[in-house]
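Order-wise, the sequence lines are chains A and B.
Under this note's numbering, the residues of the first sequence are numbered 4 to 255, in order.
Under this note's numbering, the residues of the second sequence are numbered 8 to 421, in order.
To start, the structure under review is shown below, and the notes come after it.
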Amino acid sequence: MKRIIVGLAVLICFAAAGHGRINDPDPRELVKGAVKYLRGNTSRAVVDMTIHRPDWERTMTIKAWTEGRENSIFWIAAPPKDRGNGTLKRGDEMWIFNPKVNRVIKLPPSMMSQSWQGSDFSNNDLAKSDNIVDQYTHEIIGRQTRHGKTVYVIRSLPKPGAPVVWGMQKLKIREDNILIRQAFFDEDRELVKALDMEKIEMLGGRLYPVKWKMKDAGQKEKYTILDYRSLEFGVDISDRMFTIASLKNPRL
Amino acid sequence: MGMDMKMAWRNVWRNPRRTWLTICAIGFACIILIFMLSFQFGSYGTMINSAIRINTGHLQIQAEDYFAEKSMRQVVPEPGPVIRAVSGIESVQAVTARANAFSLVSSDNRTAGAMIIGVDPESEARVSTLETLVRKGVFLTKAEHGTNPALIGRLMAQNLQVDIGDELVVLGQGRDGSVAATALTVCGIYASGMEEFDRSTMHIPLDTFQEVYSMRGTVHEIVVNVSGLDRVGPVKRAVADRLDQIPGGKNLTVLDWDALMPGLTQAIKLDLTIGVIFWALLVLVVAFSILNTFLMAVFERTREFGVMMAIGTRPGRLVRIMLCESTAMTLVGIGLGIALGCAVTLIFQHIGIDLSGASEILQQYGISGRIYPQLSIISALAGPALVLIVTFAVSLYPALKIRNFKPVEAMMHV
Chain A
4 MKRIIVGLAV LICFAAAGHG RINDPDPREL VKGAVKYLRG NTSRAVVDMT
54 IHRPDWERTM TIKAWTEGRE NSIFWIAAPP KDRGNGTLKR GDEMWIFNPK
104 VNRVIKLPPS MMSQSWQGSD FSNNDLAKSD NIVDQYTHEI IGRQTRHGKT
154 VYVIRSLPKP GAPVVWGMQK LKIREDNILI RQAFFDEDRE LVKALDMEKI
204 EMLGGRLYPV KWKMKDAGQK EKYTILDYRS LEFGVDISDR MFTIASLKNP
254 RL
Chain B
8 MGMDMKMAWR NVWRNPRRTW LTICAIGFAC IILIFMLSFQ FGSYGTMINS
58 AIRINTGHLQ IQAEDYFAEK SMRQVVPEPG PVIRAVSGIE SVQAVTARAN
108 AFSLVSSDNR TAGAMIIGVD PESEARVSTL ETLVRKGVFL TKAEHGTNPA
158 LIGRLMAQNL QVDIGDELVV LGQGRDGSVA ATALTVCGIY ASGMEEFDRS
208 TMHIPLDTFQ EVYSMRGTVH EIVVNVSGLD RVGPVKRAVA DRLDQIPGGK
258 NLTVLDWDAL MPGLTQAIKL DLTIGVIFWA LLVLVVAFSI LNTFLMAVFE
308 RTREFGVMMA IGTRPGRLVR IMLCESTAMT LVGIGLGIAL GCAVTLIFQH
358 IGIDLSGASE ILQQYGISGR IYPQLSIISA LAGPALVLIV TFAVSLYPAL
408 KIRNFKPVEA MMHV
């Protein structure tokens, strides 16, 4: 009898300890949901990209179309000097177009970790922004409360042999699927750079982070800001949009 | 003392064959040491000079942090006055300006990342061997007018599958952050023998570079060549002084080849370390053979020492005589060794050593197939000095052994 009581007590203790975990959402679903929320099925956006360095700053305007997690295409609309330069992303592949030489160039794998247009976003950040879902294993390591909403802190480690550049990522995702912060770490778990969503407002019919700031961990005055000027979800996009032929004809 | 010396000298020549063998061992070690050291110095000179001449130059003037950060924005704002100031310094042979940018280079089929180097074709030819490294096509100065010429490395041409006359597109970022793009025509292909250089660099005229990358007349490096490696230090100081007097020169820094190519100095240090170990082994072998000769001499002459002690010679005097004998032999050996070693080295310094096995490969890359040993005070005297010290130390043991001899026992010795 005594033994049964002890056994029951142990069982109850385990159940209680496990209770919190049961209530937590599945981390992978959280990450997947957050990526999906940011992208929607289809979207059209106008974004200002500001590249800030200690001694200079430069802003350009980008028009972008996206479809699901796979496809996106965008062109620089301003300043006039760079107008018409385009980037097409299909799956893991990227092409860039320059109107001055009127040529489309496919980015070789060796260039994927280079920065995009001198910003703090690498080509990989743009091309593989969705591989966080499938190439990493996720674990909830903490919970915070911000503005009355729960924010999950998720640690994502690459699966063995996954073709990724980061040694670890840490994500903060709000309970309503909005990504708050994404931090990138190298193999030694040292912070390399971090993406922070600084302003969350109604945009394109939903709450959306309208100001993204990618900041280099090493230097203070080195960051890139994305400012969403307009955003629409569920737009009609023709199948021919995400092709090389289309890349050569900037829709500005 | 004079008496002792005389006795020692006579003793040395009492058994000429043994003496000559010992002298030859010492002399031969000296010859090898002198020649090896000179050869090593000579090959380092060749290595340094060819590395300097291919690209780096003796000195470079750059913006303060450019070498560490290699950022497009860290420029020499006004190259004109700097070049004029540097050209006036004594022993400066040639000066040129360059600009660099990492960009995408794309042919019809392939794309690769590359370091695009903007060079002034006229003065570049005086500073570096780039012009002589062109294996196919022509240098930038002889390119057809009206084309946008580009000179690319052999391995890059291979990777991009291009040949003379083919078109390349360069896509990168300008100094102001704008997109830099242009189409170029391959006018020449060079092979330097340095794989990295041949795979990842491409040279275009500086004015094209400045236009495409929105440089507004600025450059990244001013490359200076002086008349010899030994003039690098003084010229560096003179350049630093003059930079202070130029407006804006405070933000510029001057780096020598040593700082620009840390890998080269490390390679040389490694090679020198291996060399030192080798010489140490050589000296050790010589030391044992000399020890053997001296020891045998003492055993052979035990009876003689016994007689001398019996007629009243003090052991200290015998030790002195023995040391005089060995020192005399060592000095003769070293003297002959230095003379012959220097002679042999000088002959090869004059005619060079043909590395016939490798020369074909080396010549292909603009490095002459001959290496010239470099005789200097250090290379002529360091080895013999080492031999002198070691043989003297080694001869102490048999000499001191005499002190333990008892006259009667020694005389009984056969």
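Backbone N, C-alpha and C define an ideal beta-carbon position, used for all residues, glycine too.
Computed from a prediction, not measured in an experiment: that's the story for all the values here.
Check: Member of A:A67, A:I108 and A:W119 whose CA lies at the smallest distance from the CA of I76 (chain A); Outcome: A:A67
Check: Reduced DSSP secondary structure (H/G/I, E/B, other) of H55 (chain A); Outcome: strand
Check: For W78 (chain A), the first and last residue of its enclosing beta strand (DSSP E); Outcome: N74 to A81
Check: Top-ranked residue by Cα proximity to L279 (chain B), from B:P322, B:C37, B:K13 and B:M43; Outcome: B:M43
Check: Environment of N232 (chain B) [buried if 16+ CB atoms lie within 10 Å]; Outcome: buried
Check: Inter-residue Cα distance where the pair is L14 (chain A) and F188 (chain A); Outcome: Unreliable placement is indicated for L14 (chain A), whose pLDDT of 49 sits below 50; no coordinate value is reported for it.
Check: Range of the contiguous beta strand (DSSP E) that encloses L206 (chain A); Outcome: L194 to L206
Check: Residues bridged to D230 (chain A) (per DSSP); Outcome: A:D51 and A:K214
Check: Pairwise C-alpha distance: G255 (chain B) and G153 (chain B); Outcome: 36 Å
Check: Counted within 10 angstroms of its Cβ, other Cβ atoms place L255 (chain A) as buried (16 or more) or exposed; Outcome: exposed
Check: M418 (chain B) and A294 (chain B) closer than 8 Å at C-beta; Outcome: no
Check: Reduced DSSP category for K276 (chain B) - H, G, I as helix; E, B as strand; rest coil; Outcome: helix
Check: Residue span of the alpha helix (DSSP H) that contains G49 (chain B), given as start and end; Outcome: P23 to A58
Check: Reduced DSSP category for N127 (chain A) - H, G, I as helix; E, B as strand; rest coil; Outcome: helix
Check: Amino acids of chain B, ordered along the chain, whose beta-carbon sits closer than 7 Å to that of N101 (chain A); Outcome: L178, V186 and A188
Check: With 16 other Cβ atoms within 10 Å as the buried cut-off, status of N105 (chain A); Outcome: exposed
Check: Check whether R324 (chain B) and S98 (chain B) have beta carbons under 8 Å apart; Outcome: no
Check: Cβ-based contacts, 8 Å cut-off: residues of the stretch 100-127 of chain A near chain B; Outcome: N101, K103, V104, R106, I108, K109, L110, P111, S113, M114, Q117, Q120 and G121
Check: Cβ of L111 (chain B) within 8 Å of any chain A Cβ; Outcome: yes
Check: Contact with chain B by R184 (chain A), beta-carbon distance below 8 Å; Outcome: no
Check: Contact set between the stretch 50-61 of chain A and chain B, restricted to residues whose Cβ is under 8 Å from the partner; Outcome: I54, R56, D58, W59 and R61
Check: Residues that T153 (chain A) bridges to, as DSSP identifies them; Outcome: A:T148
Check: Local conformation of R117 (chain B) per DSSP, three classes; Outcome: coil
Check: Proximal residues, the stretch 69-89 of chain A versus chain B, C-beta separation under 7 Å; Outcome: K84, D85 and N88
Check: Euclidean distance between Cα positions of R86 (chain A) and I99 (chain A); Outcome: 13 Å
Check: Range of the contiguous beta strand (DSSP E) that encloses P156 (chain B); Outcome: P156 to G160
Check: Cα-Cα separation between K175 (chain A) and P30 (chain A), rounded to whole angstroms; Outcome: 11 Å
Check: Rounded separation between A18 (chain A) and V107 (chain A) - CA only; Outcome: With a pLDDT of only 47 at A18 (chain A), under 50, the local geometry of the prediction cannot be trusted, and the value read off the model is given with reservation. Their Cα atoms are separated by approximately 59 Å.
Check: I354 (chain B) CB to nearest heavy atom of the ligand MG below 7 Å; Outcome: The ligand MG is absent from the structure shown, which contains no ligand whatsoever.
Check: Test: A287 (chain B) CB closer than 8 Å to a CB of chain A; Outcome: no
Check: Burial state of W16 (chain B), where buried means 16 or more other Cβ atoms lie within 10 Å; Outcome: exposed
Check: Beta carbon proximity, T118 (chain B) to chain A, threshold 8 Å; Outcome: yes
Check: Buried versus exposed, by CB contacts within 10 Å (16 or more), T259 (chain A); Outcome: Only positions 4 to 255 of chain A appear in this structure, which leaves residue 259 (chain A) out of reach.
Check: Same chain only: Cβ atoms within 6 Å of A188 (chain B), ignoring 5 sequence neighbours per side; Outcome: L178
Check: Residue-chain proximity (R161 (chain B), chain A), Cβ-Cβ < 8 Å; Outcome: no
Check: Neighbouring residues, chain A, relative to R80 (chain B) (Cβ below 9 Å); Outcome: R56, D58 and W59
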